[in-house]
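> In this note's numbering, each number is its position in the sequence shown, counted from 1, plus 1. Idealized CB from N, CA, C, for every residue including glycine.
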Amino acid sequence: MSSGVGNGTHGDGTLTELAFSPQYSAAVEAKQVAAQEAQRASFLVERAKQHRQGKIVQAEGEAQSAKMLVEAMKADPGFLKLRKIRAAQTIARVVSESNSYKVYLPAGGLMLNIADADYMNINDGKRR
């Protein structure tokens with residue numbers, strides 16, 4: 002039994018077809034696109050803030066490291082000598098592990114000036 006309401010409805014009055022105007026559909030789509038772009042912009046801003054904070058933390062860590070290095074060198078001048086020896090060990094290891102190249106170094110430069118007279122002078126009862 003049909004109520005005779007017309008095309009697009011059932012006898013109980015429910016709509017079976019609903020078409021929006023092209024302008025309304027375009028407006029809804031534009032709103033969705035704008036919302037996605039706003040969300041993306043918000044994400045980019047948050048990511049930039051986190052990147053900036055990471056750089057700040059890294060710089061603070063490097064500053065603290067430099068301060069500790071200066072304090073260690075002031076407290077014990079032998080600390081610098083130890084750092085030079087470790088650098089020489091690293092260089093020697095890299096050079097010795099290089100199988101494809103032959104490296105010729107002048108003998109005077111191999112010790113990184115840790116054996117020169119100025120380096121070995123006694124200053125305030127400590128070796129530099």
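(1) Using the beta-carbon count (16 or more within 10 Å), is residue 21 buried or exposed?
(2) So, at 7 Å on beta carbons, what are the nonlocal neighbours of residue 7 in its own chain, with the 5 sequence-adjacent residues on each side left out?
(3) Rounded to the nearest angstrom, what separates residue 44 and residue 24 at their Cα positions?
(4) What residue range does the alpha helix (DSSP H) around residue 46 cover?
(5) From which residue to which residue does the alpha helix (DSSP H) around residue 97 run?
Quick look at the numbers:
(1) exposed
(2) Residue placement at residue 7 is poorly supported in this model, since its pLDDT is 48, which falls under 50; the coordinates still yield a value, given next. Closer than 7 Å at Cβ, skipping near neighbours: no residue.
(3) 30 Å
(4) Unbroken alpha helix (DSSP H) run through residue 46: 23-76.
(5) 79-98
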